[in-house]
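Asker: As given, the protein sequences belong to chains A, B and C, one line each in that order.
FYI, the numbering for the first sequence is 0 to 668, going by numbering that gives the first Met the number 0.
FYI, the numbering for the second sequence is 0 to 318, going by numbering that gives the first Met the number 0.
FYI, the numbering for the third sequence is 0 to 219, going by numbering that gives the first Met the number 0.
Have a look at the structure that comes next, please.
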Amino acid sequence: MALEVLLWCAAALLGTSAAAVAAARHRAASACVYGIALCATAIAMVAAALFLLADGRTATLLLPVGLPWLGAHFRLDALAAFFLLVVNLGSAAASLYGLGYGRHEESPARVLPFFPAFLAGMNLVVLADDAFTFLFTWEFMSLSSWALVMAHHRRPGNAEAGYIYLLMASLGTLALLLAFGLLAGPAGGYAFDAIRDASPSANVAGTVLALVLIGAGSKAGLVPLHVWLPLAHPAAPSHVSALMSGVMTKVAVYGFVRIVFDLLGEPAWWWGALVPLLGGITAVLGVLYALMQHDLKRLLAYHTVENIGIIFIGLGLALAFQANDMQAAAALALTAALFHVFNHSVFKSLLFFGAGAVLTSTGERDMEHLGGLIHRMPYTAFAFLIGSAAISALPPFNGFVSEWLTFQAILLSPALPQWSLKFLVPAIGALLALSAALAAACFVKAFGITFLGRPRTQVARDAKEVDAWSLTAMFVFVALCLLAGILPGYFIDALSSVTHALVGAHVPRQNELSWLMIVPIAESRSSYNGLLLFAFIVMAAWSATWVIHRWASAATRRSAPWDCGYPDASPITQYTAGSFSQPIRRVFGTFVFRAREEVHMPPPGDNSAARLHVRLRDVPWDVLYAPLAGAVGFAADRLNKVQFLTIRAYLTLVFGALVVLLMVLGIWQ
Amino acid sequence: MAIALDMLVQAVQMLVVLALAPLLTGYVRMVKARLLRRQGPPLLQPYRDLLRLLRKEVVLAHDASWLFRVAPYLVFATTWVAAALVPTFASGLVVSAAADMIVIVALLGSARFMLALAGLDVGTSFGGIGSSREMMIASLAEPAMLMVVFTLSLLAGSTQLSSIALFMQGPGIGLRVSLALALVGLIMVAIAENARIPVDNPATHLELTMVHEAMILEYSGRHLALIEAASYLKLLLYLSVIGCVFVPWGIAPSGEGLAAYAIGLVLYATKLAAGGFMLAVFETAIAKMRVFRVSDFLGAALMLGFLAALLRFVSRVAS
Amino acid sequence: MDQLALDVAHLFAGGLVLVSFMLLYQDRMTGIVNTFALHALVVSLSVAWQAYIQHAPHLYITAAIALVVKAFVIPLALHQIIVRLGIHRTIEPVVGVGLTMLAGIGLVALSVMVMLPITATAGTLAREDLAFALSVVLLGLLMMISRRNAVSQVIGFMSIENGLILAATGAKGMPLVVEISVAFSILIALIVIGVFLFRIRERFETVDIHELHEYRGEQP
């Protein structure tokens, strides 16, 4: 029942997309498209949520489309329901945001047809139950998002971003194709049921893991395959950036979880060493890159890389525990990772909506041209502040709960017997702690430079608040951030059917615990009570306010700030994004990025300004991609000669190929 | 009935930490002055400072927003809640289930987040210097603190502070190398987080040497009183944590009766006095580091915490 | 009582590792020499404690030699050398303090990984003591290779010897005559090095290894 509803919603979205191709220039087209998308995704979200909470039975469906001997299999189980909930929540909010944001779109014909198609593609990937459907819908999702990235292709940098995105997406799909080929084996059973029943050998399973890490990891943003993400995510319109960062990366995580946890069977112990290590490196590198940016949307995109790293740390720990038959610990690690999937899609979408609001109001993405927006866009500033606090893992918001659960999973790992895991896991714990602290620094910078202080340019001074649709979308997510942080027990219980299906155990049920606290392992170990903490903070703040109002002076006066006797009317003397991150760049960046600062001072007597120039080196780009691109270019130049041969030479080539094939046939006999 | 008594003891603990915090700072200042052969301010001077600030008018910059006015209340509230969650003279209370060490570290992180934003709010370079240096120090001090928390939790089997305190009071503990490393790391982090010499000078107002003072430069009146009270509470919190974990004798488990609580209070005051004295001696004996040496200092604390956690991981070896 | 005795010995071994990390952290000449004095003090206390629990009075003499020679005489002599050569200043490690300490952690992990499986038949604390002693030796070597200054290389070399003493006394038995000969050889080596440092300083006005490399006569 729920499966049919979901497939009809996807069909409705595809139909809207087809209609929008014809009618995109119509005056009410934008409102219609986003409205229908909102309704369809809201219905899908409710259907998925009901299925998950009611612990529904797995439903499958076979449609006679696609390959004649295979058909298209669709399946709805607990894992798919959870990811459908995440996908459709983000999509509904983006559609709601688009109702307001879409009015400012200058080329609606390039955006409106592809937006519902993108949503439909993401839904269908999660529902796919055989290799062909999965790969087809995966490519469909990539192509429709590529079209959205290229929507403003005349802006500088966007065309290059789209090109690199297409290259990396093709590489990812190729890797997944090979992985499915290996999984299906020589018998050619491409349906997921057949793959589940077959048990591959250890070498094949290891190769499949590596291929899935390349394929799904590049779409999610694992280092070193992340290079397309900070170029492509900012280039798209803001609600699409929110979808790509907050939702499409989660579809990639779904791909990884489905293939590795569900289809591959028993994991080897070294999987639990490789995946968390990649996750830890991704987390720290992502946040360090984010700290060096002054483009608001690129900062948020790099930050997505960091959070994907945290999710993969949780997933990798679950693999390590499962390989050693510690089911309860694996359930905890998996719960932590999946809860972070939900949390990240909520607060990252919220932050991208805020950045989109800033872009609509001022036309600027560069933080160094903004400032003082808290006076001019107060609601957006408040929503962005809550999103920043949530992503920095501050209690009582939801980011802290998933981070806390991941730490609890790490604290269970001394029981793992392998020596390399014993050395690796404390290192990963240190990397996780480091990335959490650096994330807080990054968002103090992002919020502080953009919204606080004095406006640095005229456009910042003239900014106005955005429309009600966008604000509603943002505030829905603000409420969710707070709710998921205060009442995490309900969310953890909802995940228990998912972890039970994947690792065979679940975290103890939380809903009958007193005081609404969560106890992930046992009462004697650790517990967290978000509601009580929130109540304490509110009570402490309220009593401080009461004491102050009762006994302290209420006099307030406005005046100029302290300036040491040198009044500066110019707002460019305040801290910029680059200057805020300079201490951290000195400490970490000299090693990681070879960051070098150069100061060009004019000679004495010359009145021109001094220049400060910071040089950063992108190590994966220089070490991996640039030589690869160079090699491809070199090979292409050499092979170019084949284009200009004579007719006789071409005939010789054909003759030679025929002779070789006949020889192979003869020898093989 | 038991729950009501526990809530009463918890409320008393909240008020005790709030009352003792300015006294501790006054004591540290007095000891530092006496070591320098000065008379120094009287012991109760911080209380007088807070009262004076409460009665003064607040002067706000033209560009200060609502965040500037709300931040002191939030900073004070989160620091007070964190300080109240640390077991001082009683443990095993009903609300101790919320007293997780990671929660305490994160609450202090929230306070720092709001304070750094308030520093950037006015739009001058002073606030920017303070905020950026504070976030650099935090990016190393917070992971170091978390690694120390890991080590302690791996030993005690829980991240709850009252369980850790109970475990350290028990007989099975012995003298462990990872505990010694964790203690050294915790002391280094406490010095950095409380803006003490050698990391920051709490008594100076020169921009080259300020971190914490630069962020709060624009604050005045009742707002400054709240922020000063929060910094007193933070010092008390770190000394309480060190006392609760490494010198846990005297913390009364729940349900022991009034006499045990009274003894616990007296012992707690003694621990604070001893800790404050050692802090004052250390601050007087050492010079302040330059800013980029602070990152080496905290990097060393992070390494010590990491080494302590690593030793805990590898020493579960079947012999 | 016995467990407490073993715990205290274990604590001294761990303390020696901690002081070795402090040696890596220092960036001033006088700081390095003073920390080395602390290193020698911890070693002598550890040896004295081993003498107490093993009831081996000859180890007290070892402890006394370590204390007098390494904690007082040699640091005083090095202070004199530093003042006379005029080289008291800061010395940065070749790759920076952070990376050096990270390498130190890696070395401790390596020695734990090597030692624990090898000594499978001994008691837990004795195995960890041996792992700590090996880490002190490796950290001393790291100290020697991570700085460009001759005095710090001398200190690194002597801290290696401290690690060996820790290992030998922990394993119950090192005859006094071996200790005396080793200590005397160290003293002789130090005197020779000191003389050479003076001669180098007189000739080339520097003891920085990097600059001395140019005089080796090979192609640049």
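Backbone N, C-alpha and C fix where the C-beta goes; we use that ideal spot for every residue, glycine too.
#1: Could you check whether the Cβ of A:F592 sits closer than 9 Å to any Cβ belonging to chain C?
#2: Report the option in A:A30, A:G279 and A:F82 whose CA atom is closest to the CA atom of A:F669.
#3: Check each residue of the region 256-269 of chain A: if its Cβ is closer than 7 Å to any Cβ of chain C, include it; give the result in chain order.
#4: So, does the CB of C:G95 fall closer than 9 Å to a CB anywhere in chain A?
#5: Could you tell me the alpha carbon to alpha carbon distance between A:A251 and A:A215, rounded to whole angstroms?
#6: Any beta-carbon of chain B closer than 9 Å to the one on C:L133?
#7: Buried or exposed: which applies to A:T563, given that a residue is buried once 16 or more other Cβ atoms fall within 10 Å of its Cβ?
#8: With the cut-off set at 9 Å, would you say C:L15 and C:G193 are in Cβ contact?
#9: According to a CB-to-CB cut-off of less than 7 Å, which residues of the region 283-308 of chain B neighbour chain C?
#10: The alpha helix (DSSP H) spanning A:T498 covers which residue range?
#11: Comparing alpha-carbon positions, which option in B:G118, B:L106 and B:F88 lies nearest B:A60?
#12: Quick check: the Cα distance between A:N639 and A:F633, rounded to an integer number of angstroms?
#13: Any chance the region 344-358 of chain A sits against the region 235-245 of chain A, with 3 or more Cβ pairs inside 8 Å?
#14: How many Å lie between B:M209 and A:C480 at the Cα?
#15: Please report the distance separating the alpha-carbon of C:F11 from that of C:L17.
#16: I need the boundaries of the beta strand (DSSP E) containing B:H61, first residue and last residue.
#17: Examine chain A for any beta-carbon lying closer than 9 Å to the beta-carbon of C:A108, and answer yes or no.
#18: Below 8 Å on the Cβ atoms is my guess for A:C8 versus A:A43; work out the distance and round it to an integer in Å.
#19: Does DSSP classify A:R364 as helix, strand or coil?
#20: Report the residue from B:E141, B:A105, B:Y46 and B:M146 whose alpha carbon sits nearest the alpha carbon of B:A191.
#21: Please name the residues in the region 398-411 of chain A whose beta-carbon is closer than 7 Å to at least one beta-carbon of chain C, in chain order.
#22: Got a sec: is the Cβ-Cβ distance from B:L154 to anything in chain C below 9 Å?
#23: Checking contacts by CB at 9 Å: is A:W545 closer than that to chain C?
#24: Can you check which of these residues, B:V121, B:L182, B:G169 and B:M113, is closest to B:M144 by C-alpha distance?
#25: Would you identify the three-state DSSP class for A:E597, choosing helix, strand or coil?
#26: Please go through the same chain and pick out, in chain order, the residues whose beta-carbon is closer than 6 Å to the beta-carbon of B:A317, but skip the five residues on each side of it.
#27: Closer than 7 Å by C-beta to A:A648: which residues in its own chain qualify, once you throw out the five before and the five after it? Chain order, please.
#28: Measure the C-alpha to C-alpha separation of A:I280 and B:D295 and round it to an integer number of angstroms.
#29: Using a cut-off of 8 Å between C-beta atoms, extract the partners of C:M100 located in chain B.
#30: Roughly how many angstroms separate the alpha carbons of C:V111 and C:M21, rounded to a whole number?
#31: On the DSSP bridge assignment, give the partners of A:L61 in chain order.
#32: Pull up the CB-CB distance for A:L221 and A:I307, whole angstroms please, since I reckon it's below 8 Å.
#33: In three-state terms, what does DSSP make of A:I666?
#34: Examine chain C for any beta-carbon lying closer than 9 Å to the beta-carbon of B:S318, and answer yes or no.
#35: If the cut-off is 9 Å on Cβ atoms, which residues from the region 560-571 of chain A count as contacting chain B, listed in chain order?
#36: Quick one: residues in its chain with C-beta nearer than 7 Å to the C-beta of A:I571, no 5 flanking neighbours on either side, listed in chain order?
Answerer: Taking the structure as given:
#1: no
#2: Since the first and last residues shown for chain A are 0 and 668, residue 669 of chain A lies out of range.
#3: none
#4: yes
#5: 5 Å
#6: No, its Cβ sits nowhere closer than 9 Å to a Cβ of chain B.
#7: Here residue 563 of chain A turns out to be Cys, not Thr, going by the sequence shown. When all chains shown are included, A:C563 counts as exposed.
#8: no
#9: Only those residues of the region 283-308 of chain B whose C-beta falls short of 7 Å from the nearest C-beta of chain C are listed: D295, G298, A299, M302, F305 and L306.
#10: P487 to V502
#11: B:G118
#12: 10 Å
#13: yes
#14: 35 Å
#15: 10 Å
#16: Run containing B:H61: none; DSSP gives neither H nor E here.
#17: Yes, C:A108 counts as interfacial toward chain A.
#18: 4 Å
#19: coil
#20: B:E141
#21: Correct list: empty, as no residue qualifies.
#22: no
#23: no
#24: B:L182
#25: strand
#26: Legend: pLDDT at B:A317 = 31, less than 50; position of this residue unreliable, value from coordinates given subsequently. None.
#27: none
#28: When rounded, the separation of the alpha-carbon atoms in A:I280 and B:D295 is 21 Å.
#29: G298, A299 and M302
#30: Cα atoms of C:V111 and C:M21: separation of roughly 20 Å, rounded to the nearest angstrom.
#31: A:H72
#32: 7 Å
#33: helix
#34: Unreliable positioning characterises B:S318 in this predicted model, as indicated by a pLDDT of 25, which lies under 50. A coordinate reading is not provided.
#35: P560, W561, D562, C563, D567 and P570
#36: R455
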